[in-house]
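Using our numbering, read the sequence shown as starting at 1 and increasing by one per residue. Glycine is no exception: its CB is placed at the ideal position from the N, C-alpha and C atoms. Reading through the structure tokens given below for one structure.
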Amino acid sequence: MSRFKFKVSNCLYYLAMFIMLSAPASAQWHRLPFQTMGTQAYVELWAEDDNLGKDLLIAVQNEFERINQQMSPYIASSELSLLNRDAASRPVTVSSELYQLLQQAEQLAKLSDGAFDISFASVGFSYDYRQHIKPSAEQLDTQRPLINYRHIKLLPDNQVKFAKAGVKIDLGGIAKGHAVEQAVGLLAKAGIKHALVTAGGDTRLLGDKHGRPWLVAIKHPRKNADIVAQLPLTDSAISTSGDYERFFIEDGVRYHHILDPKSGQSPSGLMSVTVIGPDATATDALSTTLFVMGLKRGMAFIEQQAGFEAIFISSEHQLYFSSGLAQ
């Protein structure tokens, strides 16, 4: 009896191998996890051609690294680092891509009355979350006046000038969303119709998951293994900003990487904010903006943004949905 099973199992094995080898190496899912921009990223796409699919995975990874080399504040040769080094003393010419992203940041800063402000880095660089370092009261008093998006002068011909010495900028609230959006644009241009690209808390979906919606989970801010909601989405973007990505706790206070530009300190009313919309650059920036604004002001703000919805999780673990999701 065991010999018969052995023969049958071998027949099934060779039959499966025959089917695999004789089937055309064509349409299938291609997946790649990778590290970039200080976070975990992942791309999944459906390609009709196997070689094209593999090439596009690498192209997405390369696109992220290109933007990282351009916009990272931790790479000394990046455009952003050179801008922080020189823009207070002279106008600095930047690429059209970076200039346009700075324009988007400025527009949201004006719209949100400064709740989104990339000059938060003027204080932000004094925090080290790994080493549990925060600015002293004296440092805050000195650096807080440097946080003001109006200090960032966008001049003609892609030139940028800082109005005060000591002003620094950081695109952490918008650059990953931009990279995700750029990567999806690259895939769409190559003819891909079904894909997911995610980095950190920012995700962009291209089409559906080959006939059914993508299911995107929102994780519990305090329990990594738990999810609080799962959303069926197609051809859209979703971004989450939370107080659990980079933080330390001292004397019962949670110091995290999202800073209120007005105080130079971490807001405490929310644990996370998730924004859904058509564009990952916008959802990335908006999720940060709403977190800074807090529940009441943030909810009123998102209700005025056509095409966008939000989910707030308060510090009391309560979920609040904008009107388009609450229906």
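query = Among all the DSSP beta bridges, which residues are the ones paired with Asp128?
reply = Answer is Ile133, bridged to Asp128.
message = Just to confirm before moving on: does the CB-CB distance between Lys176 and Thr39 stay below 9 Å?
response = Taking a C-beta distance under 9 Å as the contact criterion, Lys176 and Thr39 qualify as a contact pair.
message = Contact between the segment 151–167 and the segment 253–271 is defined here as three or more beta-carbon pairs at a separation below 8 Å; is this criterion met?
response = As far as the Cβ criterion goes, the segment 151–167 does not touch the segment 253–271, which means the pair count is below three.
inquiry  = Using CA atoms only, rank isn't needed, just tell me which of Gly201, Asp235, Gln230 is closest to Lys209.
reply    = Checking every option, the nearest Cα to that of Lys209 belongs to Asp235.
Integer Cβ distance of Leu319 from Ile302, believed to fall under 8 Å = 15 Å between Cβ atoms; not a contact.
request  = Put Pro145 into one of helix, strand or coil per three-state DSSP.
outcome  = When DSSP states are grouped into helix, strand and coil, Pro145 belongs to the helix group.
Beta-carbon spacing of Arg90, Leu57 below 9 Å = Inclusion of Arg90 and Leu57 in the CB contact set at 9 Å is not warranted, their separation being larger than that value.
inquiry  = Relative to the C-alpha of Gly28, which candidate in Ala41, Thr36, Phe34, Leu52 has its C-alpha closest?
reply    = Contrary to the premise, residue 28 reads as Gln rather than Gly in this sequence. The residue among Ala41, Thr36, Phe34, Leu52 with its C-alpha nearest the C-alpha of Gln28 is Leu52.
ask   = Ala225 and Glu63: beta carbons closer than 9 Å?
value = No, these two residues do not count as a Cβ contact at 9 Å.
ask   = Using 8 Å as the threshold, is the segment 154–166 in touch with the segment 267–281, meaning 3 or more CB pairs across them?
value = Contact check between the segment 154–166 and the segment 267–281: fewer than three CB pairs, one atom from each, fall below 8 Å, which does not count as touching.
query = Helix or strand or just coil, what does DSSP make of Gly324?
reply = Helix, per DSSP.
task = Could you tell me which of Leu80, Gly200, Leu270, Tyr74 sits nearest to Gln35, measuring between CA atoms?
result = Per the Cα distances, Gly200.
query = How about Phe321 and Ser272: are their beta carbons less than 9 Å apart?
reply = The answer is no: Cβ separation not under 9 Å.
ask   = Which runs of the alpha helix (DSSP H) fall wholly inside the segment 33–73 and span at least 4 residues, in chain order?
value = DSSP assignment within the segment 33–73 yields the following whole alpha helix (DSSP H) runs of 4 residues or more, N-terminal first: 50–71.
query = What is the rounded straight-line gap between the Cα of Pro24 and the Cα of Gln159?
reply = Low local confidence applies: a pLDDT of 42 at Pro24 is under 50, so the model's placement there is unreliable, with the coordinate-based value given in what follows. Near 52 Å, if we compare the C-alpha coordinates of Gln159 and Pro24.
query = Of the choices Ala195, Ala41, Met293, whose alpha-carbon is the least far from that of Asp117?
reply = Here the closest residue by C-alpha is Met293.
task = Take Lys193 and list the residues in its own chain whose beta-carbon comes closer than 6 Å to its own, dropping the five residues that flank it on each side.
result = The residues are Gly207.
request  = Enumerate in chain order the residues of its own chain whose CB-to-CB distance from Asp284 is below 7 Å, with the five nearest sequence positions on each side excluded.
outcome  = Cβ neighbours of Asp284 beyond the five flanking positions: Gly173, Ile174, Lys176, Gly177, Asp202, Ser239.
ask   = Could you check where the beta strand (DSSP E) with His210 kicks off and where it finishes?
value = Segment: none, His210 is in no beta strand (DSSP E) and carries neither H nor E.
request  = Give the DSSP-derived three-state secondary structure of Arg90 in the structure shown.
outcome  = The answer is coil: DSSP assigns Arg90 none of H, G, I, E or B.
request  = Please work out which residues of its chain come closer than 8 Å, Cβ to Cβ, to Ile227, disregarding the five sequence neighbours upstream and downstream, and give them in chain order.
outcome  = Excluding positions up to five away in sequence, the list reads Ala217, Ile218, Lys219, His220.
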